[in-house]
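Final position of the sequence shown in our numbering is 398; the numbers increase by one with none missing. Virtual Cβ for every residue (Gly too), placed ideally from N, Cα, C. Just so you know, these numbers come straight off a predicted model, no measurement behind them.
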Amino acid sequence: MKHFSHTQGETFRRCPRSWWLRYGKGIVERKPDYLIEGSILHKAIQRYHEHLRQTGNDSDLSAVEGVTRQAFFDYAHELGPDSLVDLQQVVWTYADSHEFHPDTWAGIEWRMERALGDGLPPFLGVLDLVTLDEAGAVTIVDFKSSRVIRAADERPAQSAQLQAYAWLVMGAYPQAEVGVQLDFIRHRWRTERQVISREEAEAAGRDLVAHCKLVAELEQQAAQADKPERLFTRLQGPACAGCTVRWACLRERHFPKTLRPDTPEQVQRLARKTIALEALVKDYKAALKALVEEQGPVDVDGTRWDNWQTLRPVADVEEFAAACEREGLPFPWRAVQFDSYALKRRWFEGQGYAPLYDAIAQDKPSRPRFDHRPIPEEASGDAGEGQEQAQA
Ligand code: SF4
């Protein structure tokens, strides 16, 4: 973890596994359209302000189309072209209702860091807009691009994110009074500025340290673990519906929705069910094997049930050994079996070494394995009448 952010902390709180997939394994998120639109709007507004700063204007509606288009094409593969018109309208609304004041605007999309101490990575925040008035009071403005205003009595000072950002800003401006505001950019509406006290900000800072410590410790353990994902619990629930790494989480499970044991009881139920199914499969295979022995192989859906030989004779052992040597491979002694008749009668006995062979030989005939395999081409259509009856 190079840094810790409010988003990381919230992701971990909602579901540790989601944190692991996003930040531990680096899985790329699949963001819903409204989140992509939000990113484009933030970027377009940032470009708009850069344009005003360069041209020295306090407003320039003619720049809206260009800056939005530039920001949009950074994500063009994600959104359809219809969205561009809507986004331009939002940026136009913003530009029409805000004036740029270079003397008071301290930063836009401002990346600020503050050390968390204890060997932890620093806390990083990207602040939408920060202003500094003549009296030295700082205001953190958080842009909201949602289509609805959630409530007219929004209380930004109670937002955990803005409290954390206030703590961040107090690190850079220790003497300043820090206030926060929400700006609903689609609606030309801002909340009142609310002050965050030093105590509230310090409490947010302590919360960040504790939270980051927890995540960093788990991350360290994960680096040593064989199965690191097990350290990060899946908190299934409403969060799954909007989870941006849900696809990776599902794929990681490797089993269908009905078999997702999370509680110890569910795991035991799955274990019992597996034992019962194994017993059932054993019975089925025994019945099928008896049928095959009685009336020949059974072909079904392109595979054949039969007693398959698992041994593959090597025609020339000497040549096989020479080939191994040529390739620089050790001769696979333990995987090779010899024709006992040839060894005993024609080789050891003839040369007087039969007792030596008896001492190491295993009287263990190889058994064919009852299994199903793809039907060999030369054998298809060979299965005979008995098989057809068995299939019926
Ligand atoms: S799909 Fe649900 S359980 Fe899986 S990572 Fe996302 S929130 Fe967690």
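Which residues does DSSP list as the beta-bridge partners of residue i?
i    : result
R120 : F129
Q200 : V186
T137 : W111 and T145
R375 : W314
T195 : Per the sequence shown, residue 195 should be read as Trp rather than Thr. F190, per the DSSP bridge assignment.
With DSSP run on the structure shown, which of helix, strand or coil describes residue i?
i    : result
L335 : coil
M7   : coil
F106 : coil
P87  : coil
K150 : strand
P180 : coil
P382 : coil
C21  : coil
A207 : helix
V175 : helix
C246 : helix
T239 : coil
V251 : coil
P162 : helix
A231 : coil
I155 : coil
I33  : coil
H12  : helix
Q60  : helix
P38  : coil
V342 : coil
S65  : coil
D364 : helix
Q357 : coil
D80  : coil
Under the assumption that residue i contacts residue j (Cβ atoms under 8 Å), give the Cβ distance between them as a whole number of angstroms.
i    : j    : result
R117 : F129 : Not really, about 11 Å apart at Cβ, beyond 8 Å.
Y400 : Q14  : Nothing can be reported for residue 400: it is not among the residues displayed for the chain, which extend from 7 to 398.
R275 : R379 : 33 Å between Cβ atoms; not a contact.
C218 : F10  : 4 Å
V70  : V91  : So it is not a contact: roughly 12 Å between Cβ atoms.
L297 : V304 : 7 Å
Any beta carbon of chain C sitting closer than 7 Å to that of residue i?
i    : result
F337 : Absence of chain C from the displayed structure is noted, only one protein chain being present.
The region 246-255 in contact with the region 230-238 per 3-pair CB rule at 8 Å: Put simply, the region 246-255 does not touch the region 230-238. Fewer than three CB pairs are less than 8 Å apart.
3-residue-minimum beta strand (DSSP E) runs that sit fully inside the region 253-325, ordered along the chain: Positions of the beta strand (DSSP E) runs, each at least 3 residues long and wholly inside the region 253-325, are given as 304-306 and 309-314 in order along the chain.
Sufficient close CB pairs (3 or more, under 8 Å) joining the region 164-184 to the region 134-150: Under the 8 Å Cβ criterion, the region 164-184 counts as touching the region 134-150, having at least three qualifying pairs.
The region 52-63 touching the region 278-293, judged by at least three CB pairs closer than 8 Å: Cβ pair count under 8 Å is below three, so no.
Stretch pair the region 179-187 + the region 143-158: three plus CB contacts closer than 8 Å: The region 179-187 is in contact with the region 143-158.
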